[in-house]
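In the numbering used here, the protein residues as written are -6 to 200.
Ideal Cβ positions, reconstructed from N, Cα and C, are used throughout, including at glycine.
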């Protein structure tokens, strides 16, 4: 009887062990890698800051220079293409200047300014350092007492550099410096030469 009991117990233990070995082991499901961040695609945003506009005026052998400094607010839109760490793109912007001053007995200033620029940058993951250059224009005006307000469109070039930093995959912050040379125009018989420095900060959405 003891031999039969021992044999039966041994058979049960062996069967249990085999059953345990037969249970399939399910491997852990692979974890999907997070998609790499890219600056490629369209974007738009708003920005604002300060502008330091200088005007040189000359007429009849006399000349004068005046600073027209004030606030700036506007919007921008563009499209980026990223190749490894190199980012290239095109961007346009439109902004309003508040910089009216008195010069030669008239109220003088600029109001609307726009630009179209090419951009080239280097991306450190979510930080993009870039340079930009292109065409710019501004509407200047002279308002003399007793006369109609005279406006002229100045055309020139713009160059600058900045930093875009992605706060999320779709929202980015911006800081930028720009220099605008708006060229020369004859306004009411006065030769006017305008150039401007800008420092702006903004927020954008990348699609």
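Beta-carbon proximity check, residue i vs residue j, cutoff 8 Å
i	j	result
residue 188	residue 175	yes
residue 79	residue 41	no
residue 170	residue 155	yes
residue 58	residue 73	no
residue 84	residue 67	no
residue 113	residue 102	no
residue 196	residue 166	yes
residue 97	residue 50	yes
residue 92	residue 69	no
residue 162	residue 30	yes
residue 201	residue 34	Shown here, the chain extends from -6 to 200; a query on residue 201 therefore has no answer.
Residue environment, residue i, which counts as buried when at least 16 other CB atoms sit within 10 Å
i	result
residue 198	exposed
residue 194	exposed
residue 120	exposed
residue 159	buried
residue 157	buried
residue 53	exposed
residue 55	exposed
residue 88	buried
residue 82	buried
Integer Cβ distance of residue i from residue j, believed to fall under 8 Å
i	j	result
residue 99	residue 137	5 Å
residue 191	residue 173	7 Å
C-beta neighbour in chain C for residue i, strict 8 Å
i	result
residue 183	Protein chains in the displayed structure number just one, and chain C is not present.
Does the pairing of the stretch 119 to 131 with the stretch 140 to 156 give three or more beta-carbon distances under 8 Å?
Taking 8 Å as the limit for Cβ pairs, the verdict is that the stretch 140 to 156 does touch the stretch 119 to 131.
If we count Cβ pairs, one from each stretch, closer than 8 Å, do we get three or more for the stretch 48 to 62 versus the stretch 104 to 119?
They do not touch, by the three-pair rule.
In chain order, which continuous runs of the beta strand (DSSP E) of length 3 or greater are located wholly inside the stretch 23 to 82?
You should have 34 to 52, 55 to 76.
Segments of 3+ residues assigned as beta strand (DSSP E) that fall wholly inside the stretch 101 to 144:
DSSP runs (the beta strand (DSSP E)) wholly in the stretch 101 to 144: 120 to 136.
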